[in-house]
Amino acid sequence: MALLCTFVASVSAHAGHGMAHPWQLGLQEPVTPVAVQINDFHNLLLVIITVIAVFVTLLMIYVMVKFNAKANPIPRTTTHNTLLEVLWTAIPILILVVIAIPSFKLLYFADTTKDAEMTIKAVGHQWYWSYEYPDHGDFTFDAAMLEKEELQPGQPRLLTTDETVVLPVNTNIRLLIAADDVLHAWAMPSFGVKLDAVPGRLNETWVRVEKEGTYYGQCSELCGTGHGFMPIMVKVVSKEAFATWVKTAKEEYASRDEKSSVKLAAANDSAAE
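The following block contains the structure:
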């Protein structure tokens with residue numbers, strides 16, 4: 026818990042950062058290049074579907090007013106119109122092309138790891154996450170949800186974990202995701218990441234967080250009774266602070282002899298309650 030206490034003050038200061046807020050409109054603040062592009066694509070789609078919805082609504086109103094039985098007692102019997110048929114075929118195709126081009130670019134951009142400077146591995150368990158830093162001494166730790174009575178002032182309920190994932194700012198990070206038992210999903214909205222954790226399979230994505238702060242996510246794949254109690258908490262710090270944390274983490278986690286079964290039992294007890 027020493028590492029947790031080290032970051033309590035900083036975490037409390039950023040308690041409202043990197044998480045959803047009541048009455049929030051739109052997506053969470055994007056802090057990675059992928060999340061920024063997702064946000065931009067979302068805004069583009071919002072404009073397109075709004076224009077379509079308004080056009081269809083106005084067209085329906087026009088038809089109901091102009092061609093109702095009272096205004097048009099003897100309807101015309103037009104069977105087809107070449108211009109209209111070309112338009113209602115070509116325009117949807119153009120709309121789909123406008124949507125598809127940025128969509129495929131975004132998928133490729135998010136899928137391709139950009140010159141990774143470090144790697145972190147996250148493994149889902151029922152119902153907590155374990156993390157491994159293979160490029161920094163290969164130390165590992167488990168992160169489970171804090172109970173309500175364990176929370177410090179300012180820490181959000183159901184989102185705070187007993188151990189914090191720490192990442193350096195402005196660093197290309199390869200993120201490997203797997204699972205130990207059943208399907209999970211590592212989801213961090215501010216990072217633009219939602220990746221399935223599958224037993225026996227290693228999924229990969231990347232992040233480059235461009236803003237320091239504390240960010241919260243959750244398991245987003247139904248994984249049993251404790252699914253709603255499996256949060257993700259990431260602290261993004263300067264590269265200097267990260268290097269200092271790594272030195273401390275190596276010593277602390279190396280001195281521990283804590284088995285996963287102990288953490289699993291605690292998580293099971295929490296879910297049962």
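Per the numbering used here, residue 26 is the first one in the sequence shown, and the count goes up by one each step. Built from N, CA and C at the ideal position, the CB exists for glycine as well. Computed from a predicted model, the values in this text were never measured in an experiment.
In the three-state scheme derived from DSSP, where H, G and I count as helix and E and B as strand, W152 is classed as coil.
Counting only runs of at least 3 residues, the segment 160-245 fully encloses the following beta strand (DSSP E) elements, listed from N- to C-terminal order: 164-168, 190-193, 198-204, 209-213, 218-222, 228-232 and 238-244. In this chain, the alpha helix (DSSP H) harbouring P127 covers T107 to D136. Counting along the chain, K260 sits inside the beta strand (DSSP E) bounded by residues P256 to V262. M258 is the residue among E265, F129 and M258 whose C-alpha sits nearest the C-alpha of V190. The alpha helix (DSSP H) runs lying completely inside the segment 35-95 and spanning 4 residues or more are 58-91, given in chain order.
Excluding five sequence positions before and after Q62, the CB atoms of its chain that fall closer than 6 Å to its own CB belong to L131, given in chain order. Relative to the Cα of T57, the nearest Cα in the group A222, P193 and A266 belongs to P193. E172 has its alpha-carbon roughly 47 Å from the corresponding atom of V123. Annotated three-state conformation of A141 is coil, per DSSP.
Contact between Y241 and P181 holds: their C-beta atoms lie close to 7 Å from each other, under 8 Å. The alpha-carbon of S215 is positioned some 26 Å away from that of F164. The Cβ-Cβ distance between Y156 and F166 falls below 8 Å. Non-local C-beta neighbours of V59 in its own chain, meaning closer than 6 Å and more than five positions away in sequence, comprise A135 and G217, ordered along the chain. In this structure G51 does not touch G238 by the C-beta definition: roughly 18 Å separates them, more than the 8 Å allowed.
Within the DSSP bridge table, the entry for K146 names E157 and L201 as partners. Contact annotation: the segment 260-273 does not touch the segment 66-76, with fewer than three C-beta pairs closer than 8 Å. Proximity of the segment 245-255 to the segment 81-101 falls short of the contact definition, fewer than three beta-carbon pairs being nearer than 8 Å. Closest option to T144, judged by alpha-carbon separation, among S263, L201 and L108: L201.
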